[in-house]
Amino acid sequence: MEQLHTAKNTDIDILGDERRVAVETLQFIVISVGEEQYGIDIRYIDNIVRMQHITRVPKVPAYLKGVINLRGEVIPVMSIRLKMGLAADEITRTTRIIILRSEQEGNVGVIVDEVKEVVTLPVDEIEKVSHDAKGGKPVSISGIGKHNGELISLLDLSSITLEESE
Amino acid sequence: MDVSQYLEIFLDETKEHLQNLNTQILELESDPESMDTINEIFRAAHSLKGMAGTMGYKRMQNLTHDMENVFSEVRNGNIKVQPDMIDVLFQCLDALEEYTDNIQSSADEGTNDNEPLIKQLNDILNGNKGGAAPAPAPAKEAPKEESPAADGDAKWNNIVLDESQISVINEAKNQEKGVFGLTVEVQESCILKAARAFLVFKALEEKGEILVSDPSAQDVEDEKFDRDFTLIVVSDSPLEELIKAAANVSEIANVVGAPLNLEENKNIKAAEAAAAKEEEKAKSAPAAAPAAAPAPAKKKEEPKSAPAAKGGEKKISKPVVNRTVRVDIEKLDGLMNLVSELIIAKNSLVSASSQGESGTTSAAFNEQIEYLESVTTNLHESVMKVRMVPIESVVAKFPRMIRDLSKTLGKKMELYMTGEETELDRTVVDEIGDPLMHLLRNSADHGLESAEVRAERGKPPVGSIFLDAYQDGNNVVIEVRDDGNGIDVEAVKNKALERGTITPEQAGNMSDKEIINLLFLPSFSTAKQVTDISGRGVGLDVVRSKIEALSGEVEVKSELGVGSTWTIRLPLTLAIIQALMVVVGGEKYAISLGSIETIETIEPNDIKLVQNEEVINLRGTVIPLIRLPEVLDVKSTTNPGDSLVSVIVKKGDKLAGLVIDELLGQQEIVIKSLGKYIKKCKIISGATILGDGEVALILDANALI
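Sequences listed follow chains F and U, in order. All residue numbers for the first sequence refer to the numbering used here, where the first residue is 1 and numbers rise by one. All residue numbers for the second sequence refer to the numbering used here, where the first residue is 1 and numbers rise by one.
Structure, rendered in structure tokens:
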């Protein structure tokens, strides 16, 4: 089990000495799913655990892989790949389960290919995504951030934890 | 004074008193002469008034005060119990309940003064004014009016004494007992004057008998005194001891006393002159004295040791002292969780020891494991028992409800209850009230026939509704039964056809039982008319979903013209159960032992096909087979020709055989929720964590049948 060092969201000075303006920042965990990189807001992450035995639950949508035992609590686990319509997860040494906190639904685990790093992004550098890009998809993006020249799609967590309506 | 910390206790006890009043007034209605009942009512109303007053709920206090006046007159035999009076009293209780609800939701009693009720109460009192004895009010004021302003320390000499009191004093003196006058002064800063006063009363009552109090015990309790009150006490103890006992009470400023000398009493002569008035007092005084008795313990304990208040109160009504502690249910939940964790850890140890190579685990180790098992089992049972409460707390309100229904519906009916002492988990008891109420209303409204129809059918004119509760193995069964009309299967069928719930073909194939079960569908009501009582079509499906949410089940048996029986079956515990562990397609599942009848081995050629469904004939009963690998979408590990292992489960009186691959054995499991996220899976009722940390799912046999 890997424990996260939850760094404090301290305001950082990004504008140098001339104008000291404290800017609100958010921290994201960067994960890779398939070819893409996604960011998950660290405030919604309870824990990150290694892949473990998942008990299958019958008669549920395929992307719901089953349940695991996390310190005595039974937590449902879903595959973000299946939810996104990608090929099924290949379990490797880097595969992790990210436990997301969800107030309404209780905690839920998400299987990801790899957890890469923690990045800090200033709020005003996160580009909002227009509503057109949000609609229709099973997993949607709440914004796009830049880090070291790479784009990171920030996951809209409510779309992950929401059950597909049938 | 900040009384908010006592709010919870106040609410708890108020509800208890209200329930008690409801029950007693019902009793009074059937036996208007019973002195015990009237006394009990008086005591409850009195405590209620005192509590409301202490908490500063003036409206509530006023209403209870007027109710108490009525009870007091009834007790003195000045008013006869009339049916209209009972109605008014019940309305008062409802109003009090409303206050309580308001207080619970907003810590405020609301603004309803309930003046019409108070007026009705006063009318009852006044209706009696021309009678044998005057209303108690003037009697109460009498001592105040007559005692002149404070006169030195010997205030007891100003007290108005009636003949009987004088004779008691004289008699005590003849027996060489001491008769003393005492004046007790409370500190100016004292906030709970009444409470302090009662501590003094209490302390003195331990030493002797309080003969007279000025102002009266009742007024003292209502804080209707300035800073001091005067008592006449008969005691074997010396005066010093009495003064010391009274002065020991905190916030008492001063206690003075002296042996009483009747000749010095300024009012003896005046009393003779005002003989008539004294007679009044003689009448009201005994009423006030015992009335005060239940209150002191209460008031004394309430501000000081809140949780013990209940014990003190019981002491008065029953000689047996109940030693109880009120515990927040959340704390018990926490305890229960810890016990669950302990059982999981114990299961891990058991599985670790059984996996170890046979030679390596020593006998001593096994012995300790067994010991640990028995300790955890006992611990679990004890915690469960702590959480158990008798269903009495919910069913006690039903007789009153049936009485009201009887009046509104114009049908005569009687509720007979047994097994109120049956215990269930607190969480279940809290939830079971509404479904039971629905069923009772249903029986009263739809079940029981009108008086004419009953007469035609040769049934007794008073309809009977029965509520029976009893424990049956790991379940508690609650039955609601009536001797009414029963369910008209044809009417239900027609209604279902009319609504399009079923097709005519379906209707032809359905058994009576299946048709009756249609009643549990949402928005299905056969009442010809929507009434206030039932018939909105929300009742029975709510009943069923509530009970199923509690892992219980509800069934109905009915015979047209004879009556219906609704049977609710609830598990005793919700958190930890004994389960049978089985393997299906390589996956482990748990089945609650409570639903298992037997385990059978079935030869493939014993399986017959009926309407394309697999069935077996088990000792004369035809039982459908359910192949779990198919239901659970896994591949069975057994070969087609092999004999099958089948777990026979029951739901009500239906049986089914669940075909599994392998039996693992019996185990105590802790039920964990799958979380709201996975809610669509009906056949899985939850999950549990096995000794090796793996999660196993719990099969809901009820959903499979």
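Quick reminder that beta carbons are idealized off the backbone N, C-alpha and C, glycines included.
Using a Cβ-Cβ cut-off of 8 Å, residue 425 of chain U does not count as an interface residue toward chain F, since no Cβ of chain F sits closer than that to its own. Rounded to the nearest angstrom, the Cβ distance from residue 447 of chain U to residue 563 of chain U is 7 Å, consistent with a contact under 8 Å.
Per the C-alpha coordinates, the member of U/697, U/69, U/34 positioned closest to residue 587 of chain U is U/697.
Of U/391, U/165, U/663, U/192, the smallest CA-CA separation from residue 590 of chain U is found for U/663. Scanning the stretch 460-505 of chain U for uninterrupted beta strand (DSSP E) segments of 3 residues or longer gives 463-472, 475-482, listed from N- to C-terminal end. With three or more CB-CB distances shorter than 8 Å, the stretch 427-438 of chain U counts as touching the stretch 386-403 of chain U. Taking a contact to require three or more Cβ pairs closer than 8 Å, the stretch 249-262 of chain U and the stretch 173-190 of chain U qualify as touching.
Between residue 660 of chain U and residue 628 of chain U, the C-beta gap is smaller than 8 Å, which places the two residues in contact.
Taking 8 Å as the threshold, the shortest C-beta distance from residue 56 of chain F to chain U falls below it. Contact annotation: residue 222 of chain U and residue 53 of chain U have beta-carbon atoms nearer than 8 Å.
Taking C-beta atoms as the reference points, residue 63 of chain F and residue 157 of chain F fail to come closer than 8 Å. Taken in chain order, the whole beta strand (DSSP E) runs of length 3 or more contained in the stretch 377-426 of chain U are 388-390, 413-418, 423-425. Residue range 58-75 is occupied by the alpha helix (DSSP H) that includes residue 65 of chain U.
For the 8 Å CB-CB criterion, residue 647 of chain U and residue 580 of chain U form a contact. In the DSSP assignment, residue 35 of chain U falls within the alpha helix (DSSP H) that extends over 35-55.
With a cutoff of 8 Å on beta-carbon distance, residue 651 of chain U and residue 705 of chain U are scored as near each other. For the stretch 76-87 of chain F, the beta-carbon criterion of a distance under 7 Å to any beta-carbon of chain U is satisfied by 76. The three-state secondary structure of residue 180 of chain U, taken from DSSP, is strand.
In this structure, DSSP gives residue 37 of chain F an extended state, which the three-state scheme calls strand.
Residue contact check for residue 351 of chain U against chain F: no CB pair falls below 8 Å. Under the three-state reduction of DSSP, residue 693 of chain U is assigned to coil, being neither helix nor strand.
Under the 8 Å criterion on CB atoms, residue 700 of chain U is classed as non-interfacial with respect to chain F.
In the DSSP assignment, residue 578 of chain U falls within the unbroken beta strand (DSSP E) covering 576-584. Residue 623 of chain U and residue 54 of chain F have their alpha carbons spaced roughly 34 Å apart. Buried is the label assigned to residue 218 of chain U, since at least 16 other Cβ atoms lie within 10 Å of its Cβ. Residue 212 of chain U is a Cβ neighbour of residue 159 of chain U, given a cutoff of 8 Å. The DSSP-derived three-state label of residue 166 of chain U is helix. Taking a Cβ-Cβ threshold of 9 Å, none of the residues of chain U is close to residue 112 of chain F; the smallest such distance is about 18 Å. A residue is called buried once 16 or more other Cβ atoms fall within 10 Å of its Cβ, and residue 77 of chain F is buried on that count. If the five residues before and after residue 621 of chain U are omitted, its C-beta is found closer than 6 Å to no C-beta atom of its own chain. The Cβ of residue 675 of chain U sits closer than 8 Å to at least one Cβ of chain F. Residue-level contact check: residue 633 of chain U touches chain F, since one or more beta carbons of chain F fall below 8 Å from its beta carbon.
Taking 7 Å as the cut-off between beta carbons, the residues of the stretch 28-54 of chain F near chain U are 53, in sequence order. When C-beta atoms of the stretch 39-50 of chain U are compared with those of the stretch 182-190 of chain U, fewer than three pairs fall below 8 Å, so the two segments do not count as touching. Counting C-beta atoms within 10 angstroms of its own C-beta, residue 702 of chain U has 16 or more neighbours from the protein chains shown and is therefore classed as buried. Taking a 10 Å sphere around the C-beta of residue 128 of chain F, we find fewer than 16 other C-beta atoms and assign the residue as exposed.
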